[in-house]
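This report refers to the structure that appears directly beneath it.
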Amino acid sequence: MDLEGRRLFNKNNQLVGRSPSHTLRIIELALLVGAERAADEGGAVRQGEELLGAGARAVLIKGGHASGPRSTDILLRSNQEPIRFDTPRLAASMRGTGCMLASAIAAHLAKAYPLEDSARKGKLFVFERLEKHAAL
């Protein structure tokens, strides 16, 4: 998407399938599929599955911008059950956590960890940084 949030991908876009995984906030997910922001987890999963159908190999839906006492990220892959990575929601706020998460996942993938393990380790890495930030 561009800086104004306009959708740059259509449902047949070839770029979607070029990345091994997509790490998306709920609003980014909605923009990519050309829909309104999902109202609940089920809606977000349906939108993620639509991206899988368009060629993405994996989608990680980030739960940091959702509400509630837990922050749950959901990993979607074709023909597999969704996997949830859950941590307590912290009161701390910090810019760049999405990029931090994507980078941590990429670093673990580069070390030959499977995607599921990489996503779990990445989520924990970001959670621990947020905990330290909250303690300041």
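All letters in the sequence shown, in the order written, are residues 260 to 395 by our numbering. All C-beta atoms, glycine included, are put in the ideal place defined by N, C-alpha and C.
- Message: Tell me which residue opens and which closes the beta strand (DSSP E) that S330 is part of.
- Response: For the purposes of this step, residue 330 is taken as residue 71 along the sequence shown, with counting starting at 1. Start and end: 329-336.
- Contact set for L311: own chain, Cβ-Cβ below 7 angstroms, skip 5 residues either direction: Along the sequence shown, one-based indexing puts residue 311 at 52. Correct list, in chain order: V318, L335, S337.
- So, helix, strand or coil for E297, using DSSP? Along the sequence shown, one-based indexing puts residue 297 at 38. Note that residue 297 is Ala in the sequence shown here, rather than Glu. Looking at A297 - three-state DSSP - the assignment turns out to be coil, as it is neither helix nor strand.
- DSSP three-state call for A317: helix, strand or coil? For the purposes of this step, residue 317 is taken as residue 58 along the sequence shown, with counting starting at 1. Strand, per DSSP.
- Message: Quick check: what's the CA-CA separation for A365 versus R305?
- Response: If you number the sequence shown from 1, residue 365 lands on position 106. If you number the sequence shown from 1, residue 305 lands on position 46. About 25 angstroms.
- Query: With a CB to CB cut of under 7 angstroms and the five nearest residues on each side skipped, what residues in its chain are close to A294?
  - Reply: The count along the sequence shown starts at 1 and reaches residue 294 at position 35. Cβ neighbours of A294 beyond the five flanking positions: Q306.
- Could you check which residue in A315, L360, A289, A393 has the C-alpha nearest to that of D332? As a first step, residue 332 is located in the sequence shown; it is residue number 73 there, counting from the start. Of A315, L360, A289, A393, the residue nearest in Cα terms is L360.
- Message: Using DSSP's beta-bridge definition, name the partner residues of P347.
- Response: One-based indexing of the sequence shown puts residue 347 at position 88. Partner(s): R329.
- Element boundaries [alpha helix (DSSP H), containing L395]: Position 136 of the sequence shown, counted from the start, is the residue given in the question as residue 395. Unbroken run through L395: none, as it is neither H nor E.
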